[in-house]
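Going by UniProt numbering, the first residue of the sequence shown is number 1, and it counts up by one from there.
For reference, the structure discussed in these notes is given below.
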Amino acid sequence: MNISLEQFDKAFENRIRLQIMSVLVANESYDFNSLKELLDLTDGNLASHLKALEKEEYIQVQKSFIGRKPNTRYLASEKGRAAFRLHLLALENLIKQQKL
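This is how it looks when you write it as structure tokens:
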């Protein structure tokens, strides 16, 4: 399969969004605090990147309460999984093109 550079997704050009999607594709879901801790980010920084991915409809948000504490979980949508796979294929193709 020949994937061109046009297949690179701008949403994943940022390292943090790439990391978030990697975690969400590898896991069923992840909660806000666990993502924040894993990626060593501030609340605001993580929230802005999650909002960008949510705007693209690449992630879904599930809000609930555990006891009286709010809990926000994130999961990769099918659209997000497909876009992420395509982005990874484009990266792989770019790497293969660099071989002599």
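Glycine residues also receive a C-beta, built at the ideal position from the N, C-alpha and C atoms.
Note that this is a predicted model, so its numbers are computed, not measured.
7 Å Cβ shell around residue i - same chain, five flanking residues per side excluded
i: ARG17; result: ALA11, HIS49, ALA52, LEU53
i: GLU37; result: none
Any C-beta of chain D under 7 Å from that of residue i
i: GLN97; result: Absent from the structure: chain D. Only one protein chain is present.
Pick from the options that is closest to residue i, judged by C-alpha positions
i: LEU24; options: ALA82, GLN7, THR42, PRO70; result: ALA82
i: GLN60; options: THR72, GLY67, ARG15; result: THR72
Sequence-distant residues of the same chain with beta carbon closer than 6 Å to residue i, five excluded per side
i: PHE84; result: MET21, VAL25
i: SER64; result: ASN71
Beta-bridge partners of residue i, as assigned by DSSP
i: GLN98; result: Answer is none; GLN98 lacks a bridge partner.
i: ASN93; result: Answer is none; ASN93 lacks a bridge partner.
i: VAL61; result: TYR74
i: LYS69; result: ILE66
For residue j and residue i, believed in contact at Cβ under 8 Å, the rounded distance
i: LEU39; j: GLN19; result: 6 Å
i: GLY80; j: TYR58; result: 3 Å
Cβ-based neighbour list, residue i, same chain, cut-off 8 Å, excluding 5 preceding and 5 following
i: GLN62; result: SER29, THR72, ARG73, TYR74, LEU75
Does the region 69-82 come into contact with the region 26-38, if we say contact requires no fewer than three beta-carbon pairs (one atom in each stretch) closer than 8 Å? yes
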